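Colleague: Once you've had a glance at the structure underneath, I'll fire off some questions.
2 protein chains.
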Amino acid sequence: MLARVILGLLDLSPMTGYEVKRHCDTTIRYFWQADKAQIYRTLSQLTGDGLAAVETAPGVGGPARQVHHITDRGREVLNDWLTSRLDPQPERDVFLARLFFSGGLPEPELAELLATRRKTAESLLVELEDMRRSAPDPADRRARLRLATLDHGIAQVRTELDWLTEVEKELT
Amino acid sequence: MLARVILGLLDLSPMTGYEVKRHCDTTIRYFWQADKAQIYRTLSQLTGDGLAAVETAPGVGGPARQVHHITDRGREVLNDWLTSRLDPQPERDVFLARLFFSGGLPEPELAELLATRRKTAESLLVELEDMRRSAPDPADRRARLRLATLDHGIAQVRTELDWLTEVEKELT
DNA sequence: CGCCACTAGTAGACAAGTCCACTAGTCTGG
DNA sequence: CCAGACTAGTGGACTTGTCTACTAGTGGCG
Chain A
3 MLARVILGLL DLSPMTGYEV KRHCDTTIRY FWQADKAQIY RTLSQLTGDG
53 LAAVETAPGV GGPARQVHHI TDRGREVLND WLTSRLDPQP ERDVFLARLF
103 FSGGLPEPEL AELLATRRKT AESLLVELED MRRSAPDPAD RRARLRLATL
153 DHGIAQVRTE LDWLTEVEKE LT
Chain B
3 MLARVILGLL DLSPMTGYEV KRHCDTTIRY FWQADKAQIY RTLSQLTGDG
53 LAAVETAPGV GGPARQVHHI TDRGREVLND WLTSRLDPQP ERDVFLARLF
103 FSGGLPEPEL AELLATRRKT AESLLVELED MRRSAPDPAD RRARLRLATL
153 DHGIAQVRTE LDWLTEVEKE LT
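Keeping their order, the protein sequence lines are chains A and B.
Take any residue in the first sequence, count from 1 to its spot, add 2: that is its number in our numbering.
Take any residue in the second sequence, count from 1 to its spot, add 2: that is its number in our numbering.
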């Protein structure tokens with residue numbers, strides 16, 4: 003999966019492994035996070051498969067940069083992925099799991115669990131709304147779609163906050 | 003992680019690996035799915051660590067059943083997990099990733115992607131609402147919490163459907 | 001009787017991801 | 001001038017999870 007996501011990023015513009023990592027930590031963080039080592043491994047796998055090509059560029063203020071470009075084969079594979087059957091992925095939510103099994107916990111511990119979740123949700127919301135505000139007016143469909151995924155995140159977080167309020171109310 | 007979830011299930015009632023799998027496919031499916039082989043491996047790891055104990059029971063209409071109970075040590079570990087720091091888990095949403103990179107796709111393909119997502123969301127919603135309806139009135143906090151996680155799922159799916167409507171409208 | 005479905009569990013190869021430590025160059029602030 | 005931050009990348013051990021295929025017992029249906 004990571005391979006596909008990286009192909010997608012390379013399709014937007016050529017970049018180094020470091021930059022891929024930065025994207026995973028910033029622009030696409032709310033729907034895709036990845037380990038640094040894994041990114042570099044995947045990149046060399048992509049070049050090995052001929053889906054990406056490397057060009058060593060002199061580093062401006064730093065070590066040399068290995069800039070990865072997507073190849074035509076890569077673009078094909080990316081396209082195949084984008085148009086392939088969308089099968090539902092396995093759900094796995096640690097927070098919900100904990101909550102589900104937290105029936106026997108004393109009340110303050112439970113309240114803290116919910117409070118922690120609220121805090122991370124709130125800071126995520128602020129961050130996403132900042133991204134939304136600072137995003138340029140969508141020029142093309144590409145940009146509109148990217149904003150749409152952002153809106154998805156915002157809507158989900160808002161729903162979660164409302165739900166948290168409900169649960170907190172109900173448990174007192 | 004799976005180990006903790008299984009401990010949680012065993013804490014609700016002793017069960018076989020097969021039954022753990024069934025839970026992952028039904029009751030807790032909307033927040034935790036797991037591979038059969040992994041479940042059995044994890045179970046034997048749990049007994050190896052003394053967090054669970056096995057008792058072989060004669061199978062009623064089938065092979066012998068290896069019923070796993072949670073031990074006191076297991077209950078401790080479960081409790082430690084439930085009260086430990088809740089750190090945000092890595093987000094990974096294949097659908098959003100695809101949508102994010104689908105800017106260059108022809109319109110019908112894009113529409114199909116959204117339609118597929120809508121279909122799975124709708125059927126999930128039906129399923130969750132069925133679960134909700136057939137759930138007994140919550141007797142204790144345990145049951146209320148379990149219903150709350152279900153409500154979380156329902157709220158998220160509804161939000162997603164609304165969002166889908168927005169996106170579909172915007173893209174025509 | 002033979003086949004299928006369901007219950008219950010085992011085994012092994014493999015893929016993907018995480019964690020940690022490490023090299024190395026540059027730039028900035030105290 | 002030196003420490004720390006930032007850029008850029010490598011290497012290896014380890015964990016977790018997936019996929020596939022297998023054994024085995026029972027019950028029901030045609």
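We put the beta carbon where it would ideally sit given N, CA and C, even for glycine.
If you're wondering where the values come from, they're calculated on a predicted model, not measured in any experiment.
Quick one: what does DSSP say residue 189/B is sitting in, helix, strand or coil?
Modeller: Only positions 3 to 174 of chain B appear in this structure, which leaves residue 189/B out of reach.
Colleague: For chain A, is any of its Cβ atoms less than 7 Å away from the one on residue 131/B?
Modeller: Locating residue 131/B in the second sequence gives position 129, where the first residue counts as 1. Not an interface residue.
Colleague: Assign residue 104/B to buried or exposed, taking buried as 16 or more other Cβ atoms, counted over all protein chains shown, within 10 Å of its Cβ.
Modeller: What you label residue 104/B is simply residue 102 of the second sequence in a count that begins at 1. It is buried - the Cβ of residue 104/B has at least 16 other Cβ atoms within 10 Å.
Colleague: In chain A, what lies closer than 7 Å to residue 174/B by C-beta?
Modeller: Taking the second sequence and counting its residues from 1, one reaches residue 174/B at position 172. Ordered by position in chain A, no residue passes the 7 Å Cβ test against residue 174/B, which lies about 11 Å from the chain.
Colleague: Please classify residue 91/B as buried or exposed, where buried requires at least 16 other C-beta atoms within 10 Å of its C-beta.
Modeller: Taking the first residue of the second sequence as position 1, residue 91/B is located at position 89. Flag for residue 91/B reads exposed.
Colleague: Give the DSSP bridge partners of residue 70/A, in chain order.
Modeller: The sequence position of residue 70/A within the first sequence is 68, counting from 1. Per DSSP, 17/A, 56/A.
Colleague: Chain B partners of residue 90/A, CB-CB under 7 Å?
Modeller: The residue you call residue 90/A lines up with position 88 of the first sequence. Ordered by position in chain B, the residues that pass the 7 Å Cβ test against residue 90/A are 122.
Colleague: Select from 173/A, 21/A, 150/A, 87/A the residue whose C-alpha is nearest the C-alpha of residue 164/B.
Modeller: Within the second sequence, the letter at position 162 stands for residue 164/B. Closest option to residue 164/B, Cα to Cα, is 150/A.
Colleague: Going along the chain, which residues of its own chain have a beta-carbon closer than 8 Å to the beta-carbon of residue 160/A, five neighbours each way excluded?
Modeller: Position 158 of the first sequence, counted from the first residue, corresponds to residue 160/A. The answer, listed in chain order, is 127.
Colleague: On the three-state DSSP scale, how would you describe residue 94/B?
Modeller: On the second sequence, position 92 is the one that residue 94/B refers to. Looking at residue 94/B - three-state DSSP - the assignment turns out to be strand.
Colleague: Among all the DSSP beta bridges, which residues are the ones paired with residue 34/A?
Modeller: Working through the first sequence from its first residue, we reach residue 34/A at position 32. Per DSSP, 94/B.
Colleague: Given a cut-off of 7 Å on the beta-carbon distance, is the pair residue 80/A and residue 9/A in contact?
Modeller: Working through the first sequence from its first residue, we reach residue 80/A at position 78. Working through the first sequence from its first residue, we reach residue 9/A at position 7. For residue 80/A and residue 9/A, yes; Cβs fall inside 7 Å.
Colleague: Residues of the stretch 43-57 of chain A with a CB closer than 7 Å to any CB of chain B: list them in chain order, please.
Modeller: none
Colleague: Helix, strand or coil: which one does DSSP assign to residue 107/B?
Modeller: Stepping through the second sequence from its first residue, residue 107/B is reached at position 105. Three-state result, residue 107/B: coil.
Colleague: If I follow the unbroken alpha helix (DSSP H) through residue 155/B, where does it start and stop?
Modeller: As a working mapping, residue 155/B is identified with position 153 in the second sequence. Looking at the DSSP string, the run of the alpha helix (DSSP H) that includes residue 155/B is 143-172.
Colleague: So which residues on chain A does residue 76/B lean against when the C-beta distance must stay under 8 Å?
Modeller: Here residue 76/B corresponds to residue number 74 of the second sequence, with the count starting at 1. In chain order: nothing, as chain A lies at least about 12 Å away.
Colleague: Excluding sequence positions up to five away, which residues of its chain have a Cβ less than 7 Å from the Cβ of residue 170/B?
Modeller: On the second sequence, residue 170/B is found 168 positions in, with the first residue counted as 1. Cβ neighbours of residue 170/B beyond the five flanking positions: 116.
Colleague: Mind listing which residues of the stretch 13-28 of chain B have their C-beta closer than 9 Å to chain A's C-betas, in chain order?
Modeller: Those would be 13, 14, in chain order.
Colleague: Show which residues of chain A have a CB atom less than 9 Å away from the CB atom of residue 99/B.
Modeller: Working through the second sequence from its first residue, we reach residue 99/B at position 97. Going along chain A in sequence order, the residues near residue 99/B (Cβ under 9 Å) are 3, 6, 7, 10, 30, 33, 34, 151.
Colleague: What did DSSP end up calling residue 44/B once you bin it into helix, strand or coil?
Modeller: Along the second sequence, read from residue 1 onward, the residue named residue 44/B stands at position 42. In the structure shown, residue 44/B sits in a helix (DSSP, three-state: H, G or I).
Colleague: Can you tell me the Cα-Cα spacing of residue 108/B and residue 3/A, whole angstroms?
Modeller: Residue mapping note: residue 108/B aligns to position 106 of the second sequence, counting from 1. Residue mapping note: residue 3/A aligns to position 1 of the first sequence, counting from 1. One C-alpha to the other measures close to 22 Å.
Colleague: What does the alpha-carbon distance come out to for the pair residue 56/A and residue 157/A?
Modeller: As a position in the first sequence, residue 56/A is number 54, starting the count at 1. As a position in the first sequence, residue 157/A is number 155, starting the count at 1. Note on geometry: alpha-carbon atoms of residue 56/A and residue 157/A lie some 39 Å from one another.
Colleague: Alpha carbon to alpha carbon, how far is residue 95/A from residue 134/A?
Modeller: Your numbering for residue 95/A matches position 93 in the first sequence. Your numbering for residue 134/A matches position 132 in the first sequence. Looking at the two C-alpha atoms, the distance is approximately 25 Å.
Colleague: Tell me which same chain residues have a C-beta within less than 7 Å of the C-beta of residue 11/A, skipping the five on either side of it?
Modeller: In the first sequence, counting from the first residue as 1, residue 11/A sits at position 9. Closer than 7 Å at Cβ, skipping near neighbours: 17, 22, 25.
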